[in-house]
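Following this line, the structure appears as structure tokens:
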């Protein structure tokens, strides 16, 4: 039989059998043994894996000293080198859930470790980590322990062995928010007609794409004196220097580029062109300023309408680029502009 | 209006003397077709090839796919207004070389062309791995501007399909499909209790390589137009359009529009299918407002109870889709939408560029950024290096051994938003 995989377990002071609310201030400690739910959990692994140790931490301590707690946990995890980290289940306990959530997020993001936890759907800890870790849906109280542990264990075995998880409703975890691409037996148009008939008959149907919820971004205050302002130029129209030196994709951009335009009066053709795959680029290639108007900005600077054009021009491709990539690009570019003391930015899209 | 589609099943394809079908094998006269295409003086060179289902052949970059057909009875021969003089489509008898397709290939002017793998993993993702394909790689004369270059290739694909389609003239169909639908009042009288359903088909109409033509009219210039469902099934609509390869509607898919076919199957049984509204997707906000208002108005004039809306492309047309949805729902007309998603390579991103709480019934045809790894081909038709620039590819996407990595974006028809294929997304 192959070697057992290793699990490191995390519980709070209560499930760690240290004490109740009076012990909620205890700092984390490590015990190289199975404590509380870790015992039942190991049993549910059916001999495929073992729990090498348990970290116990007070709920108040974790939430009030998150950094110190996580530092201790990370250090312990590095030493114990488990294959999977398991925390909870926290049911509907808010502070415990937040601890499990933050821990799960940190392990996944910083140590690239798979993490399994369990929570009631409304526990605030769910939203902290459901897209980073696997959160098994549990009942709202510890009465659900006997149901939660086997589900958590079954998922842990799959993660440890690198087996792909099935659908959330089948495996018992809370959907991560991942859109998984699959094949259906019926083609799309037939599914649409079936959905239509169900709607018309007042029967139940399930949408295949729940609508996204959008952020609201508050506009920045107006620039008081444009004549002293440094203005940057940024486009999602795919304008790049000839040869596309950074290999920005023609659709579904994975990156953005920044190019020094301090010595230019505009974006010359064919020195610049569009690598964008989502619009008719013939006119942009004739004159790239039609998409990213550096020429006019430079004129404005000369005339004193604006103070200065920022030395660097920022660019990416908007078409098919995921919103999460766009958010990431925005934050990265925004940080550079802020650091450089830029007052405003012209954003052009296509 | 009555339309008969006679299917002549094609099992294999070869080059030979003359163009004809015998025992399910389509023979194509290579020299004859080459000479026919060269009648267009803008065509400098023609490379013809064949790709059969199951062969380890990769075709890249693909522009359009067209089904070869011929008109046997009635008006509407060829592609009226494009390759033939204007005449009415949608009636009489049309013979189809069912199982054959013309595929146009070659670097054109944009980044919007795609991949067809005829076997294995890649073959699963595209419907055009199942057709016997004649590929057409064209070189044009020097000095053509980009728009003329695109038009030359587009027309050559359509003309090749007509040339090959002539083989269906003498052949006996294996199956005849009959579509019959009277005037709207007539049908409503026949089926007074069935819900009235309209299909709104959005089309990319946004400039070079992003246009659709109806009877030769560039749909950029139209208000939403009502069509009889037969017309599109009979060659009235062609693609001049390579959005991303995954969700553009190829000419073949217009000729075989799966939403129309699946709504037809319910006509007179569960629904009263009244027609198709062709909706242009404009780049401007005013265009989007006008087209969505106009679509609602047509639905109201016809007394529609429900509308199926299919998108073409992604990004800004998501707004058109949801505007039509919102306006219809608020007017008491139920909608079902078909769209794909840009959920990022990891599937963790929200997938649409716009949102509407009214959109409660949506069919997803998959994540365009889902990454696939396609094994090396034994033979490549076209230019494998082009994956570096086309939508869904990147520099380094072609590995040294010929393995191709790309997003579904690059695979023709993979996330078809007329629901022509079987891909979807589920919440995980």
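Chains as they are written, first to last, in the numbering used here: chain A, 8 to 357; chain B, 104 to 531.
Don't be surprised by glycine CBs; every beta carbon is placed ideally from N, CA and C.
Nearest candidate by alpha-carbon position, reference residue i, set the options
i, options, result
"residue 45 of chain B", "B/430, B/284, B/219", "As shown, chain B starts at 104 and ends at 531. That puts residue 45 of chain B outside it, with no answer to give."
"residue 129 of chain B", "B/153, B/317, B/509", "B/153"
"residue 524 of chain B", "B/289, B/359, B/341, B/335", "B/359"
"residue 246 of chain B", "B/145, B/208, B/319", "B/145"
"residue 127 of chain B", "B/481, B/136, B/117, B/182", "B/117"
"residue 4 of chain A", "A/102, A/97, A/40, A/59", "With chain A covering only 8 through 357, there is no way to say anything about residue 4 of chain A."
"residue 352 of chain B", "B/505, B/377, B/308", "B/308"
"residue 170 of chain B", "B/111, B/483, B/443", "B/111"
"residue 304 of chain A", "A/236, A/194, A/326", "A/236"
"residue 195 of chain A", "B/413, B/165, B/383", "B/413"
"residue 370 of chain B", "A/25, A/354, A/203", "A/203"
"residue 287 of chain B", "B/378, B/122, B/519, B/339", "B/378"
"residue 201 of chain B", "B/131, B/109, B/483", "B/109"
"residue 350 of chain A", "A/269, A/268, A/232", "A/232"
"residue 151 of chain A", "A/198, A/140, A/47", "A/47"
"residue 436 of chain B", "B/456, B/423, B/407, B/453", "B/407"
Reduced DSSP category for residue i - H, G, I as helix; E, B as strand; rest coil
i, result
"residue 381 of chain B", "strand"
"residue 130 of chain A", "coil"
"residue 8 of chain A", "Note that residue 8 of chain A scores 45 on pLDDT, short of 50, meaning its location in the model is unreliable; the coordinates nonetheless yield the value given after this. If DSSP states are grouped into helix, strand and coil, residue 8 of chain A belongs with coil."
"residue 176 of chain B", "strand"
"residue 405 of chain B", "coil"
"residue 46 of chain B", "Nothing can be reported for residue 46 of chain B: it is not among the residues displayed for chain B, which extend from 104 to 531."
"residue 166 of chain B", "strand"
"residue 46 of chain A", "helix"
"residue 15 of chain A", "strand"
"residue 112 of chain B", "strand"
"residue 288 of chain B", "helix"
"residue 338 of chain A", "helix"
"residue 6 of chain A", "Limits of chain A in this structure are 8 at one end and 357 at the other, which puts residue 6 of chain A out of reach."
"residue 376 of chain B", "strand"
"residue 333 of chain B", "helix"
"residue 304 of chain B", "strand"
"residue 482 of chain B", "strand"
"residue 469 of chain B", "strand"
"residue 153 of chain A", "helix"
"residue 118 of chain B", "strand"
"residue 66 of chain A", "helix"
"residue 240 of chain B", "strand"
CB of residue i within 7 Å of CB of residue j, strictly
i, j, result
"residue 138 of chain B", "residue 284 of chain A", "no"
"residue 282 of chain B", "residue 106 of chain B", "yes"
"residue 462 of chain B", "residue 440 of chain B", "yes"
"residue 179 of chain A", "residue 143 of chain A", "yes"
"residue 300 of chain A", "residue 279 of chain A", "no"
"residue 187 of chain A", "residue 531 of chain B", "yes"
"residue 225 of chain A", "residue 527 of chain B", "no"
"residue 22 of chain A", "residue 44 of chain A", "yes"
"residue 259 of chain B", "residue 140 of chain B", "yes"
"residue 50 of chain B", "residue 459 of chain B", "Only positions 104 to 531 of chain B appear in this structure, which leaves residue 50 of chain B out of reach."
"residue 85 of chain A", "residue 58 of chain A", "no"
"residue 242 of chain A", "residue 324 of chain A", "no"
Any non-hydrogen atom of the ligand NAP closer than 6 Å to residue i Cβ
i, result
"residue 381 of chain B", "This structure lacks the ligand NAP; in fact it carries no ligand of any kind."
C-beta neighbour in chain E for residue i, strict 7 Å
i, result
"residue 60 of chain A", "Absent from the structure is chain E; the protein chains it does hold are A and B."
(request) Using a Cβ-Cβ cut-off of less than 7 Å, list which residues of the segment 356-373 of chain B approach chain A; keep chain order. (result) Residues 361, 362, 365, 366, 369, 373.
(request) Closer than 7 Å, Cβ to Cβ, to anything on chain B: give me those residues from the segment 174-186 of chain A, in chain order. (result) Going along the segment 174-186 of chain A in chain order, one finds 174, 175, 182, 183, 184, 185, 186 with a Cβ nearer than 7 Å to chain B.
(message) Could you tell me which whole alpha helix (DSSP H) segments of length 4 or greater appear in the segment 209-237 of chain B?
(response) The qualifying runs are 223-228.
(message) Short of 8 Å Cβ to Cβ, which residues in the segment 206-225 of chain A face chain B?
(response) Listed in sequence order: 206, 207, 212, 214, 215, 216, 217, 218, 219, 220, 221.
(message) Residues of the segment 273-300 of chain A in Cβ contact with chain B at a cutoff of 9 Å, in chain order, please.
(response) Result list: 282, 283, 284, 285, 286, 287, 288, 289, 290, 292.
(request) Go through the segment 337-367 of chain B residue by residue and report every complete run of the beta strand (DSSP E) that reaches 3 residues or more, in order. (result) Runs of the beta strand (DSSP E) spanning 3 or more residues and lying entirely within the segment 337-367 of chain B occur at 340-344, in chain order.
(message) Please identify, using Cβ separations under 8 Å, the residues of the segment 512-524 of chain B that lie next to chain A, in order along the chain.
(response) Sequence-ordered contacts of the segment 512-524 of chain B with chain A read 512, 519, 520, 521, 522, 523, 524 [C-beta pairs closer than 8 Å].
(message) Closer than 7 Å between beta carbons: that is the criterion. Which residues of the segment 121-146 of chain A meet it against chain B?
(response) Taking 7 Å as the Cβ-Cβ cut-off, the segment 121-146 of chain A approaches chain B at 138, given in chain order.
(message) Ignoring anything shorter than 3 residues, give me the beta strand (DSSP E) runs that lie fully in the segment 265-329 of chain A, in order along the chain.
(response) Segments of the beta strand (DSSP E) lying fully in the segment 265-329 of chain A: 279-281, 315-322.
(request) Output the residue ranges of the alpha helix (DSSP H) runs that lie fully inside the segment 72-140 of chain A and measure 4 residues or longer, sorted by chain position. (result) If we require 4 residues or more, the alpha helix (DSSP H) runs fully inside the segment 72-140 of chain A come out as 73-87, 101-118, 132-136.
(request) Could you list the residues in the segment 449-463 of chain B with a C-beta less than 8 Å from some C-beta on chain A, going in chain order? (result) Listed in sequence order: 449, 450, 451, 452, 453, 454, 455, 456, 458, 459, 460, 462, 463.
(request) Could I get the ranges of all uninterrupted alpha helix (DSSP H) runs contained in the segment 183-212 of chain B, with 4 residues as the minimum, in chain order? (result) Within the segment 183-212 of chain B, no run of alpha helix (DSSP H) reaches 4 residues while sitting entirely inside it.
(request) Taking a Cβ distance cut-off of 7 Å, strictly less, list which residues of the segment 220-246 of chain B are near chain A, in chain order. (result) Against chain A - using a Cβ distance shorter than 7 Å - the segment 220-246 of chain B contributes no residues.
(request) For the segment 461-488 of chain B, enumerate the residues whose C-beta is nearer than 8 Å to any C-beta of chain A, in chain order. (result) Within the segment 461-488 of chain B, the residues whose Cβ lies closer than 8 Å to some Cβ of chain A are 462, 463, 464, 465, 466, 467, 468, 469, 470, 471, 472, 473, listed in chain order.
(request) For the segment 409-466 of chain B, list the beta strand (DSSP E) runs that are entirely contained and at least 3 residues long, ordered along the chain. (result) Runs found: 409-413, 437-444.
(request) Output, in sequence order along the chain, the residues in the segment 163-174 of chain A whose CB is closer than 7 Å to any CB in chain B. (result) Taking 7 Å as the Cβ-Cβ cut-off against chain B, the residues of the segment 163-174 of chain A that qualify are 174.
(request) Name, going along the chain, the residues of the segment 414-439 of chain B whose beta-carbon falls closer than 9 Å to a beta-carbon of chain A. (result) Within the segment 414-439 of chain B, contact with chain A at the beta-carbon level (separation under 9 Å) is assigned to 416, 417, 418, 419, 425, 437, 438, 439.
(message) Report the start-end ranges of each beta strand (DSSP E) in the segment 199-249 of chain A that is 3 residues or longer and not cut off at the edges.
(response) If we require 3 residues or more, the beta strand (DSSP E) runs fully inside the segment 199-249 of chain A come out as 237-242, 246-248.
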